[in-house]
Every structure is written in C-alpha cells, then in structure tokens.
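To start, the structure itself, in structure tokens.
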Amino acid sequence: VVGGLVIVSLMSFIPYVDWAAHLGGMVAGFVLGLVCFSFKIRSWVWTVLWLVAGVGSTVALFSVAMTYMYTDVEVNDDLRDVCGYYKQFFDDYECRCMLDEAIEFGSWSFGGNDGGGDGGGEGKD
Numbered sequence: 206v207v208g209g210l211v212i213v214s215l216m217s218f219i220p221y222v223d224w225a226a227h228l229g230g231m232v233a234g235f236v237l238g239l240v241c242f243s244f245k246i247r248s249w250v251w252t253v254l255w256l257v258a259g260v261g262s263t264v265a266l267f268s269v270a271m272t273y274m275y276t277d278v279e280v281n282d283d284l285r286d287v288c289g290y291y292k293q294f295f296d297d298y299e300c301r302c303m304l305d306e307a308i309e310f311g312s313w314s315f316g317g318n319d320g321g322g323d324g325g326g327e328g329k330d
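Residue numbers (the numbering used here): 206 to 330.
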C-alpha cells in the first residue's frame, strides 16, 4: 500500500498530470475502503461505527466536491479546444480527435443538428 502511494505521488509530478486528481483518488479510496472493509471487523459495534464513518465521509466529500465544481470552478477558455491547446505548445502535435468528421457526419450535435445522421442539421438542402 505504501509503495503504491509513493509511486502515484511521484507520478503526480510528471508534466500535464494533475496532482489534485491523484490526491482526490487517494482520499476517495480511503473512505470507500472504510465502507468495504468495515464488514471484516468481528465486533458489530466497530463494524457499524466504521461503516457509518465511511458512508458519511463518502457522501460529505462527494457533496463538497460537486458543490465546488459547479459553483467555484471556471473553465479555462483555452481548454475548450483541446487540439488547438496542444498545437500551441507542440509544433509536431497531430490532432486525432476526429471532431470535424463527427460534426460532418452528424454524430456530434451542437443544438441545431438533430443527430439524424444526414450531417445537415436544420436548414440544409
């Protein structure tokens, strides 16, 4: 367990890897571990105590994270176009997200297209 924590912690310093995601995963794994492994405890009093602590922590942390994400986090406009974002930092970056093809064939909808597969959307002959 400690070795896994050390490896994941070290990988958090690699460029373009978000350390906050690794930290959140570690905390989520810990509180979900409380829920899962509380049934292994022989005393029912401690089983119930750790189960309630695990479920309560999971609900509380999830609620706080969702509230923060939907109220305080501002999306960086540079990241709306992922291909363009990487192209400005890497000269030889070749975008393979196929967004243009998806829009062309109607499998991606931006409100006007009903996604019917004709690629035309509304107002096209």
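Here a beta-carbon is modelled for each residue, glycine too, at the ideal position from N, C-alpha and C.
Could you give the residue range of the alpha helix (DSSP H) that holds residue i?
| i | result |
| --- | --- |
| V211 | 207–216 |
| C288 | 287–294 |
| C300 | Counting along the chain, C300 falls outside any alpha helix (DSSP H), and DSSP gives it neither H nor E. |
| S243 | Looking at the DSSP string, S243 is not in any alpha helix (DSSP H), and its letter there is neither H nor E. |
| S268 | 249–276 |
Could you tell me which of the options sits nearest to residue i, measuring between CA atoms?
| i | options | result |
| --- | --- | --- |
| G234 | M274, F267, I219 | F267 |
| L239 | W224, A258, F295, V250 | A258 |
| Y291 | P220, V207, G230 | P220 |
| V207 | W224, T276, M231, V278 | M231 |
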